[in-house]
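A short worksheet on the structure shown next.
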Amino acid sequence: MPLALSRRGFIGSAAALSAAPAIARAASAETPAPVPVNPLVRQRADAQVFRHDDGYYYMTGSVPEYDRLVLRRSKTIAGLSTAEEAVLWRHEASGPRSGFIWAPELHQIDGKWIMYFAAGPSGGGDDVFRIRTYAIVCDGADPMTGKWRVLGEFQAPWDSFNLDSTSFVHKGVRYFAWAQREPGIDTNSNLYIAKLESPLKLAGKATRLTVPTLDWEVRGYKVAEAPAVLHRNGRLFMTYSASATDARYCLGLLTADENADLLDASSWTKSPQPVFVTNSATSVYGPGHNSFTVDEKGRDILVYHGRDYEAIQGDPLFNPDRHTRVQRLYYTADGTPDFGVPVGNGPTPERFISAADPKRLLAHDGDRLIAGNPLLPQTQFRQTPGRAGARSVMLSPILLPDHFLVADKDGVLTLQKDRKTADFALRSQFVRFEDQGAVRFVAIAAPGKAIGIDGDQVKLVRSRDPRARFHAD
Ligand code: AHR
């Protein structure tokens, strides 16, 4: 009999699945949350971030030492960067949980806080990769201050390498998904799903969802791991990570109809191409092991790790620089997630949709500014502090992070590298005004003029012109 769910447990555990926008909206009714800056948290890989019904964001992840389970919380996503981190549990002095501690996930199941994690023995040699899934349980209502003890080992279908478990609730039933090496299949790990009877016991037979066979899944190692589930637009989207944990690491996607039998492998369709990969333009390498949450306005957020350099000395698994990163998750017209590209270091970017012509966004094609709706990454611009006083800002496309919007003498807007001149320093400065839900960027070099969209042109228009109003998204 699958696990019964209390209301609290349902909301707490379902947070990653079907966000609680109402709670999120309440927060945004107060002061706007600070803009997260990537990397959000340095040297925390495999990050799980979710917003609990207590209004806090909780974050856990793998530490470079792989020796402990940590947890932090904050009222805002940006606040996770500096939030105090509690150590909930440390690996043991000997035995099966005395070595690597990997990829924790915090869930509230039937009112109890449970943290799943993968662990192996110490002692050197290949035995350290005898990785199995365990859980610790908290004795109180506050996971940051409660006492944690080992609940036990996940009763997996085989006694083999298994890791990266997650749990989610769908239609009142709790599911468990994880990665495991299956006897007789020559891969590092495949993905499995089953209903959960109790935190460590499956309610029935496991279903194999995917085996890494495609070229982008088997680079370095044959890997399908780190499942994460999002329920949106009538479908369940399960992302997973593939290939070695270097720059070849990437996200794949399985999709099922929300009314399908999730335990029938044929209910899930695999995207033939990866949905999220290394991007040298934004300098993010090996993006993966993601989770999902919502921001303070209830908008979907992709949480993942990635390095900001490509070349790694030694085994990538022991390179500490898989940093936690966040970015908005958008959707295509048919409701499919559009992962775009990893946006790179710095304040998270926005899209600017013309209030006068919502089919057109501020965008660029190479170093040419355009007004249109091209690929998502071409519409994402990063706002950074300007050089003409506290209110001045600069705008830079994420794909050309060394280029900035510049208001030329003749009112033309262009993308230019920093010429290190007084003229550039003046013409690249704007002031952001927000009124009635729209933003305007007034050019400091052209008083009374602002960035505007006129047809497929981006140009300076009178700052009160409707063409100067954008919806920031
Ligand atoms: O970060 C440690 C392990 O490396 C994670 O469990 C897995 O997702 C990744 O391959």
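If you count by the working numbering, then the sequence shown holds residues 2 to 474, one letter each, in order.
The beta carbon of each residue, even a glycine, is placed where N, CA and C say it ideally should be.
This one's a predicted model, so the numbers in the text were calculated from it and none came from an experiment.
Chain-order list of residues whose beta-carbon lies under 7 Å from that of residue i (same chain, five-residue window excluded)
i, result
"R91", "D68 and R69"
"V342", "N280, T283 and P378"
"A84", "R73, R74 and S75"
"I102", "Y67, D68, R69, L70, H92, F118 and A120"
"D262", "S268"
Opening and closing residue of the beta strand (DSSP E) in which residue i lies
i, result
"F471", "F471 to A473"
"F434", "F431 to D436"
"R329", "H324 to R329"
"R465", "That residue, R465, is in no beta strand (DSSP E); it is neither H nor E in DSSP."
"R233", "A225 to R233"
"H290", "Y286 to V295"
"L179", "First, the amino acid is wrong: residue 179 is Trp here, not Leu. V174 to Q181 is the extent of the beta strand (DSSP E) around W179."
"I354", "F353 to S355"
Rounded C-alpha distance that separates residue i from residue j
i, j, result
"Q437", "P350", "21 Å"
"Q1", "L164", "Because the chain in this structure spans residues 2 to 474, residue 1 falls outside the shown range and cannot be described."
"N291", "S244", "14 Å"
"I445", "S464", "11 Å"
"A266", "F471", "44 Å"
"G147", "E86", "14 Å"
"I194", "I354", "40 Å"
"H324", "V413", "39 Å"
"T270", "D474", "30 Å"
"P184", "P158", "10 Å"
"F238", "I313", "31 Å"
"F130", "A225", "17 Å"
"R369", "L427", "20 Å"
"C251", "K418", "31 Å"
"V170", "A451", "48 Å"
"V36", "A257", "33 Å"
"P105", "A119", "7 Å"
"G125", "W149", "27 Å"
"G347", "V285", "12 Å"
"S95", "E297", "43 Å"
"D127", "G367", "48 Å"
"D247", "P317", "6 Å"
8 Å Cβ cutoff met for residue i and residue j
i, j, result
"G345", "P402", "yes"
"Y117", "S166", "yes"
"P213", "T188", "yes"
"T294", "Y58", "yes"
"V443", "V432", "yes"
"A204", "L192", "no"
"I110", "G121", "no"
"A408", "A356", "no"
"T211", "L264", "no"
"V475", "T385", "Residue coverage of the chain in this structure runs from 2 to 474, which leaves residue 475 outside it and unanswerable."
"F340", "L400", "no"
"V50", "S82", "no"
"L201", "R175", "no"
"D466", "G449", "no"
beta-carbon residue i near the ligand COA non-hydrogen atom, thresh 7 Å
i, result
"W103", "In the structure shown, the ligand COA is absent; the only ligands present are the ligand AHR."
Close beta carbons around residue i, own chain, < 8 Å, minus the five adjacent residues each side
i, result
"D455", "A372, V462 and R468"
"P273", "L215"
N-terminal and C-terminal residue of the alpha helix (DSSP H) that residue i is part of
i, result
"F425", "A423 to R428"
Residues near residue i by beta carbon distance below 6 Å, same chain, minus five either side
i, result
"N234", "G336"
"G253", "Y241, A243 and P275"
"T333", "D339"
Within-8 Å CB hit, residue i to chain C
i, result
"P398", "Among the chains in the structure shown there is no chain C, since it carries only a single protein chain."
Exercise. Taking contact to mean at least 3 C-beta pairs separated by less than 8 Å, is the segment 277 to 284 in contact with the segment 56 to 75?
Worked result: no
For this session: Evaluate the contact criterion for the segment 287 to 304 versus the segment 33 to 53: three or more CB pairs, one atom per stretch, below 8 Å.
Result: yes
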